[in-house]
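In the numbering used here, the protein residues as written are 323 to 941.
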């Protein structure tokens, strides 16, 4: 095929899912010319699986993306059908925002943002080859022979790369939701030295909402919570209900009696699937003593009757799917509009990737999203933003952005990927973050917006709002340290079940006694103009002050190790005292500093001591 020069630009983003959109916007908004290649314009910002944004730990990621100047939180707020705070009854560290989102509206809104972004061109086409010279990116060649000459490439192919869908005995070369797959780029990645593996994920059926009997199901309404984006004053008013349902003994009998027809158990599927979001077959087999499994019926959008059945992902044949779904109370007469399927796809080993998400093998080549072995829109968007921003920083001659584990969930996510790797689709969880009390979603802007501004991604309008909010937060904390009216304070304390006060107290003292910030606001008629999330943030800072101080000391210790760089030309095989496993792992990962080295599986504290001695002798 004859090749021809399409255009010359600063960067090319391959893919237009949640990683690709954030990467392209980060590049264009920081002043660079970008071409975004997508297999289909109708798949831009598309949600092939659950119609939601956020969730446990994922809500933290969305607010961090927003604090850095990303787009996901803004668009999710605009398209939300319902918002809730997960784990509201637990500690502030694990509370997470989650929104049901109108998936068609989200796609249209994100496409509109991209189309109206300066210096960003969208092209429908398949990337066939990444062009390089002397170990550096020089462009991308498409399936139709067009060449986009560039200095940086972000690969964000989602689950499309070498994708095939499996439903019972039917196996098709296809991407998600009937979109075609990408067949050419894997070979190019192999030629560039990447290690490629196969992962699997799946999605449940979509039901005709008219055929679901919601009268026998448990209704779940939205809540009055704060929005994802720090640019928005309040959460959307729209609150479309969801419903809870449950599998039962009959459901489990159908599945267990037909495992010979289940691709996950008859050998048709051998690739690794997501441990924390398993298919219904896996749940029933793994937890045979469990009488039922919870399901969530979620609307796909305001303009469709389709209902998503979270928790009932499957790759069973269509006839068995119908039996399984109709065995559930409330779904006895349900009609399936889209059948469930599993999907296998190509991804890379992220031990070949730097903490900037740049390849260790090719300069200027970045990867983000499910090609890095992650699962979820939010994880993909976070990586896309960091990959796009680091590509931009590199092209502008500025230092890279590497968020530490004590700075952001995004830092935890990327560090886990490039330091430990993953043998299954990686999902972010609050338990992965050792400093989670400091990395709350309410303070994401305080942690990250100044970083985004320094990188050029946070614009002046957002930064002015941030400065105003930061000042208001400081004023709120200062006010809470002042004396409260003794009469009202005593009434509050007695209502709380505590003995009367013997001396004057501050508002902060009342919070430490367990009295909520909103109760204080209403009783004293103070802080009425302060946004709810800022009030909650101030309450947390006061209530957990001791824990936060202890955490800060641990963060400082960890930071000291991060500040001890390891030369990239070290031959760990020659360092006496290192165990054999440590030598092998260190040579494979090539950590940037002692902190990263300490987190490598197979590297012990004794090995770190050896490295510290080695560095001091070398110095």
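C-beta atoms are modelled at their ideal positions from N, C-alpha and C, and glycine is treated no differently.
Coil, strand or helix - residue i by DSSP
{"i": "residue 464", "result": "strand"}
{"i": "residue 683", "result": "coil"}
{"i": "residue 607", "result": "helix"}
{"i": "residue 590", "result": "coil"}
{"i": "residue 409", "result": "coil"}
{"i": "residue 788", "result": "helix"}
{"i": "residue 426", "result": "helix"}
{"i": "residue 688", "result": "strand"}
{"i": "residue 733", "result": "helix"}
{"i": "residue 925", "result": "coil"}
{"i": "residue 747", "result": "coil"}
{"i": "residue 580", "result": "coil"}
{"i": "residue 333", "result": "strand"}
{"i": "residue 514", "result": "coil"}
{"i": "residue 622", "result": "coil"}
{"i": "residue 708", "result": "helix"}
{"i": "residue 801", "result": "helix"}
{"i": "residue 498", "result": "helix"}
{"i": "residue 659", "result": "strand"}
{"i": "residue 488", "result": "strand"}
{"i": "residue 911", "result": "helix"}
Inter-residue spacing [alpha-carbon to alpha-carbon] between residue i and residue j
{"i": "residue 630", "j": "residue 326", "result": "44 Å"}
{"i": "residue 911", "j": "residue 674", "result": "8 Å"}
{"i": "residue 523", "j": "residue 728", "result": "30 Å"}
{"i": "residue 415", "j": "residue 586", "result": "36 Å"}
{"i": "residue 433", "j": "residue 657", "result": "31 Å"}
{"i": "residue 720", "j": "residue 890", "result": "20 Å"}
{"i": "residue 907", "j": "residue 519", "result": "19 Å"}
{"i": "residue 505", "j": "residue 767", "result": "40 Å"}
{"i": "residue 487", "j": "residue 497", "result": "7 Å"}
{"i": "residue 710", "j": "residue 620", "result": "32 Å"}
{"i": "residue 276", "j": "residue 696", "result": "The structure shown does not extend to residue 276, since the chain spans only 323 to 941, so no value can be given for it."}
{"i": "residue 662", "j": "residue 595", "result": "15 Å"}
{"i": "residue 775", "j": "residue 390", "result": "8 Å"}
{"i": "residue 628", "j": "residue 542", "result": "17 Å"}
{"i": "residue 617", "j": "residue 599", "result": "12 Å"}
{"i": "residue 660", "j": "residue 876", "result": "50 Å"}
{"i": "residue 790", "j": "residue 796", "result": "10 Å"}
{"i": "residue 757", "j": "residue 707", "result": "22 Å"}
{"i": "residue 666", "j": "residue 746", "result": "12 Å"}
{"i": "residue 903", "j": "residue 924", "result": "6 Å"}
{"i": "residue 387", "j": "residue 680", "result": "19 Å"}
{"i": "residue 360", "j": "residue 770", "result": "30 Å"}
{"i": "residue 857", "j": "residue 686", "result": "43 Å"}
{"i": "residue 879", "j": "residue 918", "result": "13 Å"}
{"i": "residue 759", "j": "residue 701", "result": "20 Å"}
{"i": "residue 363", "j": "residue 929", "result": "51 Å"}
Of the residues the options, the one placed nearest residue i, counting alpha carbons only
{"i": "residue 300", "options": "574, 851, 721 and 529", "result": "Because the chain in this structure spans residues 323 to 941, residue 300 falls outside the shown range and cannot be described."}
{"i": "residue 456", "options": "768, 930, 834 and 684", "result": "684"}
{"i": "residue 538", "options": "544, 531 and 566", "result": "566"}
{"i": "residue 812", "options": "786, 842, 751 and 799", "result": "842"}
{"i": "residue 615", "options": "672, 602, 349 and 621", "result": "602"}
{"i": "residue 817", "options": "824, 801, 836 and 802", "result": "836"}
{"i": "residue 881", "options": "920, 446 and 861", "result": "920"}
{"i": "residue 482", "options": "929, 494 and 713", "result": "494"}
{"i": "residue 372", "options": "680, 633, 348 and 854", "result": "633"}
{"i": "residue 413", "options": "647, 917, 762 and 608", "result": "762"}
{"i": "residue 733", "options": "677, 798, 722 and 742", "result": "677"}
{"i": "residue 578", "options": "784, 611, 868 and 845", "result": "611"}
{"i": "residue 429", "options": "872, 644 and 365", "result": "365"}
Beta-carbon proximity check, residue i vs residue j, cutoff 8 Å
{"i": "residue 339", "j": "residue 691", "result": "yes"}
{"i": "residue 476", "j": "residue 688", "result": "yes"}
{"i": "residue 319", "j": "residue 464", "result": "The chain is shown from 323 up to 941; residue 319 falls before or after that span and cannot be answered."}
{"i": "residue 626", "j": "residue 426", "result": "yes"}
{"i": "residue 810", "j": "residue 833", "result": "no"}
{"i": "residue 449", "j": "residue 435", "result": "no"}
{"i": "residue 342", "j": "residue 335", "result": "yes"}
{"i": "residue 454", "j": "residue 514", "result": "yes"}
{"i": "residue 377", "j": "residue 385", "result": "no"}
{"i": "residue 349", "j": "residue 713", "result": "yes"}
{"i": "residue 347", "j": "residue 439", "result": "yes"}
Cutoff 8 Å: residue i Cβ touching any chain D Cβ
{"i": "residue 399", "result": "Looking for chain D here will not work: only one protein chain is present."}
Residue i Cβ short of 7 Å to the ligand NAD heavy atom set
{"i": "residue 921", "result": "Judged by which ligands are present, the structure shown has none, so any question about the ligand NAD falls away."}
Which whole runs of the alpha helix (DSSP H) in the stretch 814 to 881 are 4 residues long or more, in chain order?
Listed in chain order, they are 829 to 834, 839 to 846 and 854 to 865.
Just list the alpha helix (DSSP H) runs in the stretch 552 to 578, keeping only unbroken ones of 4 residues or longer that don't cross its boundaries, in chain order.
Taking only runs of at least 4 residues, the alpha helix (DSSP H) segments lying wholly in the stretch 552 to 578 are 571 to 578.
Quick check for students: name the residue ranges of the alpha helix (DSSP H) that lie wholly in the stretch 345 to 424, counting only runs of 4 or more.
Counting whole runs of 4 or more residues, the stretch 345 to 424 contains the alpha helix (DSSP H) stretches 380 to 389 and 394 to 401.
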